[in-house]
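> Quick one: the structure is below, questions incoming.
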Amino acid sequence: MATAEEKRTITKKRLQELRNMCREHYNVLIEEGTMPDAADVRVTNQKLEELMELLDGKIKWDNVLTASYAGLADAFLGCQY
3 MATAEEKRTI
13 TKKRLQELRN
23 MCREHYNVLI
33 EEGTMPDAAD
43 VRVTNQKLEE
53 LMELLDGKIK
63 WDNVLTASYA
73 GLADAFLGCQ
83 Y
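Quick note: the sequence shown uses the numbering used here, first residue 3, plus one each step.
In structure tokens form, the structure reads like this:
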């Protein structure tokens with residue numbers, strides 16, 4: 003079971019990621035005067051939906067925690083020295 007601290011950390015990380023993605027969409031709109039790529043917007047919407055489902059209890063925290071650790075392991079194993 004994920005602790006309150008782990009839940010807070012996961013939520014904060016996901017919110018930061020979504021904020022950055024939205025900022026990129028905004029920059030494309032303002033700087034280039036065009037709409038952001040539809041595929042990028044769909045990815046952002048999917049991540050937002052996942053976060054909402056997680057916070058609503060439709061996705062178990064343990065599944066997210068396991069995926070987070072797997073992602074860390076992949077990142078560590080993928081590092082080149």
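Note that beta-carbon positions come from the ideal geometry of N, C-alpha and C, so glycine has one too.
Report the option in HIS27, ASP42 and ARG10 whose CA atom is closest to the CA atom of GLY35.
That would be HIS27, whose Cα lies nearest to the Cα of GLY35.
> Provide the residue span of the alpha helix (DSSP H) that contains ALA41, from first to last.
Start and end: 40-58.
> Can you tell me where the alpha helix (DSSP H) with ALA4 in it begins and where it stops?
Element bounds for ALA4: n/a, residue is neither H nor E.
> Are VAL45 and PRO38 close, meaning C-beta to C-beta below 7 Å?
No. Outside cutoff.
> Which class does THR13 belong to by DSSP, given the choice of helix, strand or coil?
Looking at THR13 - three-state DSSP - the assignment turns out to be helix.
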